[in-house]
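Following: one structure in structure tokens, then a few remarks.
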DNA sequence: TCGCTATTTGACAGCGCTGTCAACCACCGT
DNA sequence: ACGGTGGTTGACAGCGCTGTCAAATAGCGA
């Protein structure tokens, strides 16, 4: 019942434990044939290195951390899934740290956790990505990090999609569908994303020579309830918009909800567009036109970037890395297209 | 720049490292005076035990694990949140292990992960809770576990709500609303929950002397797509039901979706009920009548039960513990009540 | 063929901590 | 005063792995 150790693998492969260690850690200077032998033995025995032992010997924890503040369950689940995929490939573990962005001692909390969990790197989600104090503390503690955000903070490697461009394209889509009275529901002001998405909207509207009356611009907070309020405001205008672009799917679903309850036909009388392509966008009727963000792939990329940064050159590369952009995709569904 | 070790503390306190270890781990049989000296030194030097070293030497990780197979993001997020709350209180970490229930080597995978991550205990979510092989392997490996499930497996401590009773009450609610042609959409057959929910439905229907024609019973898999198919089947009956009780919210939302697309008024012509009280149930129109499960509290309870089991008596208590039931609550919304 | 360098491999000493076990001590009853 | 008893302390051997450095081997030109 004893678990498989590096010695077992070494014996099985007919090499020294050090060579096994090299293969596991992807160190250079291992002959291809040797590497294959070792990998076969690892697979055969289903060997998994003991993290505690690795951590002790190498003074690393082989853990990366994910710090977040109350994201949508869907975002969290996908991000985690992507990160775990990457972690598995690299024999790393994932440590979670939910925090409160607005807490007085948020930075302290995170740093304390990072020290105790000994994480080798950290992924930050919005809006934590916008806390300059936190980024500074991580830099000071020499803990590599990647932010999941459009924030163009210098020196902060970021995995992102071009949110402004996506919002621009979505707005273009609405304009192309013949709409000229287009409303917009902004996202949470703590999130830089909200600004990006609004800027993309603005750009397309200006380019199309369309007006953006104040009554057509609602303030939301990325949740359903605030979306309903904003939608209610927009739809109560003397001349209501014929299309509403909400900064995320929850709020867009809220627009549809409001429309239903007012017997307004979607998309006949009101087209609705969202952002994120959450499952919800497929579960409301009609299906929601939205922007697909490959969150899972982004999580994977962020985790990989961190783990690559464990070597000296990798570390340098991460520091120099700017934005790592992934493609988004417009998903056109029944809420804008009959 | 070297960090403070147990040796430093021992030297400062004028005792052996073993005594420091005793104090840190709250072991008995340390004289009060000695303990104070050591504690003073710990504070003075700001000593924090190295988790890797502790883990390696003690073959414990101060981590509990969560094993799951593709649950709904909402379930996962809430369960995690509850478990993390409990972990924080006890200076434990949470390790995640997504697996594939149907994978040939699922049990092996979990066991290797458990050994590698050294988790001190494991929480299992459905349908993994129903794998007798997995439970047996965990018992054999002497790893304490708690299942999140109605499964009445002897010897498996479970955190749960009385799902059969909940389904019974929900069906009663539909009957009380005057419905007699009530359809049901079953959940994924891999999940024991599905059976419980159906049994509750059946009980209420029999008690009310109502018929359950085969055409009114659809098979779903807990996801939206399968819910649509089942809904489509039910609504295509020559005499369709006037109410549908779906085994979870995603499928209930699918029923509403189908109703909308067929211009069937909800709840006027068709009442719909779900199960779980996910955010989705509040985000479709009309709001979904459903059963609220306090997942977060359940996660917290499961994690606490595991960490309590780290002591000898606690372990015994866990082994003897049967079901730990938490109250559910019917949430009546617009999909059944005008 | 030999000698040289570059690549590949292995022996071994810890990393910081806990478990084991033996030594030590104080205090009891006789 | 003595041995017995149980609480208290410390010496030491690993836990499974990586870093260091030396040894072995391969590759190549002359």
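Chains as they are written, first to last, in my numbering: chain Y, 1 to 338; chain W, 339 to 676.
Where a beta carbon is used, it is the ideal one built from N, C-alpha and C, also for glycine.
Since this is a predicted model, take the numbers as computed values, not measurements.
Would you say residue i and residue j are within 8 Å of each other, going by their C-beta atoms?
i, j, result
"residue 193 of chain Y", "residue 273 of chain Y", "no"
"residue 558 of chain W", "residue 589 of chain W", "yes"
"residue 498 of chain W", "residue 365 of chain W", "no"
"residue 358 of chain Y", "residue 114 of chain Y", "There is no way to answer for residue 358 of chain Y, as the model of chain Y reaches only from 1 to 338."
"residue 535 of chain W", "residue 585 of chain W", "yes"
"residue 280 of chain Y", "residue 254 of chain Y", "no"
"residue 184 of chain Y", "residue 217 of chain Y", "yes"
"residue 520 of chain W", "residue 548 of chain W", "yes"
"residue 128 of chain Y", "residue 69 of chain Y", "yes"
"residue 505 of chain W", "residue 539 of chain W", "yes"
"residue 634 of chain W", "residue 416 of chain W", "yes"
"residue 708 of chain W", "residue 53 of chain Y", "Past the edges of chain W, shown from 339 to 676, lies residue 708 of chain W, and the structure says nothing about it."
"residue 508 of chain W", "residue 636 of chain W", "no"
"residue 562 of chain W", "residue 282 of chain Y", "yes"
"residue 427 of chain W", "residue 383 of chain W", "no"
On the three-state DSSP scale, how would you describe residue i?
i, result
"residue 98 of chain Y", "strand"
"residue 614 of chain W", "strand"
"residue 626 of chain W", "coil"
"residue 299 of chain Y", "helix"
"residue 664 of chain W", "coil"
"residue 289 of chain W", "Outside the displayed span of chain W (339 to 676) sits residue 289 of chain W, for which this structure offers no information."
"residue 336 of chain Y", "coil"
"residue 305 of chain Y", "helix"
"residue 339 of chain W", "Bear in mind that the predicted position of residue 339 of chain W carries a pLDDT of just 45, short of 50, making it unreliable; the figure below should be weighed with that in mind. It is coil, neither helix nor strand."
"residue 68 of chain Y", "strand"
"residue 466 of chain W", "helix"
"residue 118 of chain Y", "coil"
"residue 63 of chain Y", "strand"
"residue 293 of chain Y", "coil"
"residue 222 of chain Y", "coil"
"residue 174 of chain Y", "helix"
"residue 422 of chain W", "helix"
"residue 123 of chain Y", "strand"
"residue 283 of chain Y", "helix"
"residue 447 of chain W", "helix"
"residue 331 of chain Y", "strand"
Contact defined as beta carbons within less than 8 Å: I believe residue i pairs with residue j. What is the distance between those atoms, to the nearest angstrom?
i, j, result
"residue 511 of chain W", "residue 668 of chain W", "6 Å"
"residue 461 of chain W", "residue 421 of chain W", "7 Å"
"residue 256 of chain Y", "residue 284 of chain Y", "5 Å"
"residue 38 of chain Y", "residue 20 of chain Y", "5 Å"
"residue 638 of chain W", "residue 423 of chain W", "5 Å"
Just to confirm my understanding: we take residue i, look at its own chain, exclude 5 residues before and 5 after, and list those with CB closer than 6 Å. What are they?
i, result
"residue 95 of chain Y", "63, 65, 117 and 119"
"residue 60 of chain Y", "120"
"residue 550 of chain W", "543"
"residue 222 of chain Y", "187, 188 and 248"
"residue 6 of chain Y", "17 and 20"
"residue 386 of chain W", "none"
"residue 671 of chain W", "625, 626 and 627"
"residue 653 of chain W", "647"
For residue i, which residues in the same chain have their Cβ closer than 8 Å to its Cβ, ignoring the five residues on either side in sequence?
i, result
"residue 553 of chain W", "571, 572 and 575"
"residue 40 of chain Y", "13"
"residue 131 of chain Y", "101, 106 and 107"
"residue 339 of chain W", "Reliability of the predicted coordinates at residue 339 of chain W is poor, the pLDDT of 45 falling under 50, and the value obtained from them is presented with this limitation in mind. Within the same chain, residue 339 of chain W has no close Cβ partners at all."
"residue 429 of chain W", "400"
"residue 306 of chain Y", "64, 120, 121, 122, 123, 144, 145, 146 and 318"
"residue 87 of chain Y", "64, 93, 94, 303 and 307"
"residue 567 of chain W", "556 and 558"
Starting from residue i, follow the beta strand (DSSP E) in both directions and report where the run begins and ends.
i, result
"residue 583 of chain W", "581–584"
"residue 186 of chain Y", "182–186"
"residue 160 of chain Y", "158–160"
"residue 481 of chain W", "Note, residue 481 of chain W: premise wrong, no beta strand (DSSP E); not H, not E."
Could you name the residues of the same chain whose beta carbon sits closer than 7 Å to that of residue i, not counting the 5 residues immediately before and after it, in chain order?
i, result
"residue 412 of chain W", "616 and 617"
"residue 35 of chain Y", "23"
"residue 156 of chain Y", "135 and 147"
Alpha helix (DSSP H) containing residue i: first to last residue?
i, result
"residue 344 of chain W", "344–351"
"residue 389 of chain W", "389–396"
"residue 604 of chain W", "No alpha helix (DSSP H) contains residue 604 of chain W, which DSSP labels as neither H nor E."
"residue 538 of chain W", "530–545"
"residue 315 of chain Y", "312–320"
"residue 251 of chain Y", "249–261"
"residue 374 of chain W", "370–383"
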